[in-house]
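Numbers given in this note's numbering equal positions in the sequence shown, counted from 1, plus 10. Idealized CB from N, CA, C, for every residue including glycine. Here the structure is a predicted model, which is why all the values come from computation and not from measurement.
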Amino acid sequence: MSTFTHIHYHKVDKYQNQYAVLTLNRPQKAHAYNRAMLCEIEAHLYDIQQKTNVCALVIQSEGHRVFCAGADLEEMKTATALTALHLQSESVFSLLENLSCVTIASVHGPAIAGGFEMTLACDLRVISAETTFSLPEVSLGLIPAAGGCIRLPNIIGSTRAKAVILGGQVISASQSLEWGLANQIAEETHEESLTWAQKIATYD
(Lines of atoms letter the chains of each structure in order from A and count residues from 1; the text may use other names and numbers.)
(Lines give C-alpha, C1' and ligand atoms only; values in the text may rest on other atoms or scores of the structure.)
Protein backbone atom coordinates (compact mmCIF):
# COMPACT_ATOMS: atom_id res chain seq x y z
CA MET A 1 0.00 0.00 0.00
CA SER A 2 2.86 2.35 0.82
CA THR A 3 6.27 2.85 -0.72
CA PHE A 4 8.44 4.10 2.13
CA THR A 5 6.57 3.19 5.32
CA HIS A 6 3.95 0.83 6.57
CA ILE A 7 1.87 0.72 9.73
CA HIS A 8 0.01 -2.03 11.54
CA TYR A 9 -2.49 -1.81 14.39
CA HIS A 10 -2.61 -4.58 16.98
CA LYS A 11 -5.45 -5.24 19.41
CA VAL A 12 -4.45 -6.57 22.80
CA ASP A 13 -6.44 -9.64 23.86
CA LYS A 14 -9.24 -8.92 26.32
CA TYR A 15 -8.75 -5.16 25.95
CA GLN A 16 -10.25 -2.58 23.64
CA ASN A 17 -6.99 -0.67 23.44
CA GLN A 18 -4.50 -1.06 20.61
CA TYR A 19 -0.88 -0.34 19.85
CA ALA A 20 0.57 0.56 16.47
CA VAL A 21 3.85 -0.25 14.74
CA LEU A 22 5.22 2.18 12.15
CA THR A 23 8.06 0.77 10.05
CA LEU A 24 10.47 2.85 7.98
CA ASN A 25 11.02 0.99 4.71
CA ARG A 26 13.65 2.61 2.50
CA PRO A 27 16.63 0.29 3.04
CA GLN A 28 18.35 1.18 -0.22
CA LYS A 29 18.79 4.70 1.18
CA ALA A 30 19.51 3.62 4.79
CA HIS A 31 15.91 4.71 5.54
CA ALA A 32 16.82 8.34 4.84
CA TYR A 33 13.62 10.33 4.43
CA ASN A 34 12.60 12.48 1.49
CA ARG A 35 9.50 14.67 1.18
CA ALA A 36 7.31 11.77 0.07
CA MET A 37 8.37 9.61 3.01
CA LEU A 38 7.77 12.43 5.49
CA CYS A 39 4.30 12.92 4.01
CA GLU A 40 3.57 9.23 4.59
CA ILE A 41 4.79 9.42 8.19
CA GLU A 42 2.72 12.54 8.77
CA ALA A 43 -0.40 10.86 7.38
CA HIS A 44 0.13 7.85 9.65
CA LEU A 45 0.57 10.09 12.69
CA TYR A 46 -2.60 12.02 11.93
CA ASP A 47 -4.43 8.71 11.59
CA ILE A 48 -3.11 7.56 14.98
CA GLN A 49 -4.11 10.89 16.48
CA GLN A 50 -7.70 10.23 15.43
CA LYS A 51 -7.78 6.74 17.00
CA THR A 52 -8.45 7.32 20.68
CA ASN A 53 -7.88 3.64 21.54
CA VAL A 54 -4.25 3.59 20.32
CA CYS A 55 -2.22 3.77 23.52
CA ALA A 56 1.30 3.17 22.20
CA LEU A 57 3.26 3.58 18.97
CA VAL A 58 6.48 1.74 18.13
CA ILE A 59 8.68 3.23 15.41
CA GLN A 60 11.22 0.88 13.86
CA SER A 61 13.05 0.35 10.58
CA GLU A 62 13.09 -2.62 8.23
CA GLY A 63 16.20 -4.72 8.84
CA HIS A 64 18.98 -4.21 11.37
CA ARG A 65 21.65 -2.31 9.42
CA VAL A 66 20.63 1.24 10.31
CA PHE A 67 17.65 2.92 11.97
CA CYS A 68 17.57 6.09 9.87
CA ALA A 69 20.25 8.17 8.16
CA GLY A 70 18.22 11.39 8.37
CA ALA A 71 17.31 13.57 5.41
CA ASP A 72 18.04 12.35 1.88
CA LEU A 73 21.11 14.38 0.89
CA GLU A 74 20.29 14.03 -2.81
CA GLU A 75 16.97 15.77 -2.30
CA MET A 76 18.57 18.40 -0.05
CA LYS A 77 20.67 19.54 -3.01
CA THR A 78 17.49 20.88 -4.62
CA ALA A 79 16.06 22.41 -1.44
CA THR A 80 15.19 26.10 -1.49
CA ALA A 81 15.33 28.73 1.23
CA LEU A 82 11.55 28.49 1.52
CA THR A 83 11.84 24.72 2.04
CA ALA A 84 14.34 25.30 4.84
CA LEU A 85 12.15 27.95 6.44
CA HIS A 86 9.18 25.60 6.61
CA LEU A 87 11.18 22.54 7.53
CA GLN A 88 8.91 19.59 6.98
CA SER A 89 10.76 17.25 9.30
CA GLU A 90 10.48 19.70 12.19
CA SER A 91 6.72 19.79 11.74
CA VAL A 92 6.41 16.01 11.51
CA PHE A 93 8.60 15.38 14.55
CA SER A 94 6.64 17.95 16.55
CA LEU A 95 3.48 16.08 15.63
CA LEU A 96 5.16 12.85 16.81
CA GLU A 97 6.23 14.47 20.08
CA ASN A 98 2.72 15.72 20.81
CA LEU A 99 0.79 12.51 20.12
CA SER A 100 -1.45 11.55 23.03
CA CYS A 101 -0.17 7.94 22.99
CA VAL A 102 3.19 6.74 24.33
CA THR A 103 5.81 6.63 21.57
CA ILE A 104 8.69 4.13 21.56
CA ALA A 105 11.69 4.27 19.23
CA SER A 106 13.07 0.79 18.52
CA VAL A 107 16.60 1.63 17.38
CA HIS A 108 18.85 -1.06 15.93
CA GLY A 109 22.00 0.37 14.36
CA PRO A 110 22.95 4.02 13.82
CA ALA A 111 20.47 6.87 14.13
CA ILE A 112 22.03 9.77 12.28
CA ALA A 113 21.07 13.45 11.93
CA GLY A 114 17.29 13.63 11.37
CA GLY A 115 17.04 9.94 12.25
CA PHE A 116 18.41 10.78 15.69
CA GLU A 117 16.06 13.74 15.93
CA MET A 118 13.13 11.45 15.16
CA THR A 119 14.01 9.27 18.16
CA LEU A 120 14.35 12.37 20.36
CA ALA A 121 10.70 13.19 19.62
CA CYS A 122 9.68 9.82 21.11
CA ASP A 123 8.95 9.20 24.78
CA LEU A 124 11.05 6.05 25.12
CA ARG A 125 14.07 4.58 23.31
CA VAL A 126 15.00 0.89 23.20
CA ILE A 127 18.37 0.39 21.50
CA SER A 128 20.76 -2.35 20.49
CA ALA A 129 24.41 -2.68 21.52
CA GLU A 130 25.26 -1.62 17.93
CA THR A 131 23.28 1.60 18.14
CA THR A 132 25.03 4.95 17.85
CA PHE A 133 23.54 8.43 17.82
CA SER A 134 25.09 11.36 15.97
CA LEU A 135 24.31 14.83 14.64
CA PRO A 136 26.87 15.49 11.87
CA GLU A 137 25.08 18.55 10.47
CA VAL A 138 27.83 20.94 11.58
CA SER A 139 30.28 19.20 9.23
CA LEU A 140 27.93 20.15 6.37
CA GLY A 141 27.61 23.76 7.48
CA LEU A 142 24.15 23.11 8.95
CA ILE A 143 22.55 22.79 12.38
CA PRO A 144 20.16 20.09 13.65
CA ALA A 145 17.05 22.03 12.70
CA ALA A 146 14.41 19.34 13.29
CA GLY A 147 14.40 19.70 17.07
CA GLY A 148 17.79 18.30 18.02
CA CYS A 149 19.11 21.59 19.39
CA ILE A 150 16.20 21.74 21.83
CA ARG A 151 15.31 18.14 22.67
CA LEU A 152 18.81 16.73 23.12
CA PRO A 153 19.91 19.26 25.81
CA ASN A 154 16.64 18.67 27.62
CA ILE A 155 17.45 14.96 27.86
CA ILE A 156 21.22 14.77 28.41
CA GLY A 157 22.10 18.31 29.53
CA SER A 158 23.58 21.24 27.66
CA THR A 159 27.28 20.40 28.16
CA ARG A 160 27.00 16.91 26.69
CA ALA A 161 24.63 18.12 23.98
CA LYS A 162 27.11 20.77 22.84
CA ALA A 163 29.79 18.10 22.42
CA VAL A 164 27.41 16.20 20.13
CA ILE A 165 25.96 19.16 18.22
CA LEU A 166 29.04 21.36 17.93
CA GLY A 167 31.86 18.88 18.42
CA GLY A 168 30.48 16.01 16.39
CA GLN A 169 30.73 13.48 19.22
CA VAL A 170 29.12 10.13 18.44
CA ILE A 171 27.13 8.68 21.34
CA SER A 172 27.67 4.94 21.88
CA ALA A 173 25.02 2.56 23.20
CA SER A 174 26.60 2.42 26.65
CA GLN A 175 26.85 6.21 26.83
CA SER A 176 23.22 6.48 25.75
CA LEU A 177 22.14 4.38 28.70
CA GLU A 178 24.47 6.17 31.12
CA TRP A 179 23.29 9.61 30.01
CA GLY A 180 19.59 8.74 30.18
CA LEU A 181 19.11 8.97 26.43
CA ALA A 182 18.23 5.27 26.10
CA ASN A 183 15.84 3.50 28.43
CA GLN A 184 17.09 0.02 27.66
CA ILE A 185 19.69 -1.90 25.65
CA ALA A 186 18.24 -5.10 24.23
CA GLU A 187 19.43 -7.81 21.87
CA GLU A 188 16.01 -7.80 20.18
CA THR A 189 14.90 -4.19 20.21
CA HIS A 190 11.74 -4.91 18.25
CA GLU A 191 10.54 -7.62 20.62
CA GLU A 192 11.31 -5.55 23.71
CA SER A 193 9.54 -2.52 22.25
CA LEU A 194 6.48 -4.59 21.38
CA THR A 195 6.39 -6.03 24.89
CA TRP A 196 6.41 -2.51 26.29
CA ALA A 197 3.71 -1.35 23.86
CA GLN A 198 1.50 -4.34 24.66
CA LYS A 199 1.81 -3.66 28.38
CA ILE A 200 0.97 0.02 27.95
CA ALA A 201 -2.09 -0.91 25.87
CA THR A 202 -3.49 -2.86 28.84
CA TYR A 203 -3.60 0.25 31.04
CA ASP A 204 -6.99 1.81 31.58
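- Considering only Ala173, Gly125, Phe103, the residue with the shortest C-alpha distance to Ala53 is Phe103.
- Beta-bridge analysis with DSSP links Gln38 to no other residue.
- Only exposed fits Arg75, as fewer than 16 other CB atoms lie within 10 angstroms of its CB.
- Cys111 and Phe14 have their alpha carbons spaced roughly 23 angstroms apart.
- The continuous beta strand (DSSP E) containing Val112 extends over residues 112–117.
- Listed as beta-bridge partners of Thr15 by DSSP are Leu34.
- Within the same chain, Gln70, Ser116 come within 6 angstroms of His200 by CB-CB distance, once the 5 residues on both sides are set aside.
- Taking the CA atoms as reference points, Leu204 sits about 30 angstroms from Gln179.
- For Glu188 against Gln194, the beta-carbon gap comes to about 13 angstroms, at or over 8 angstroms, which does not count as contact.
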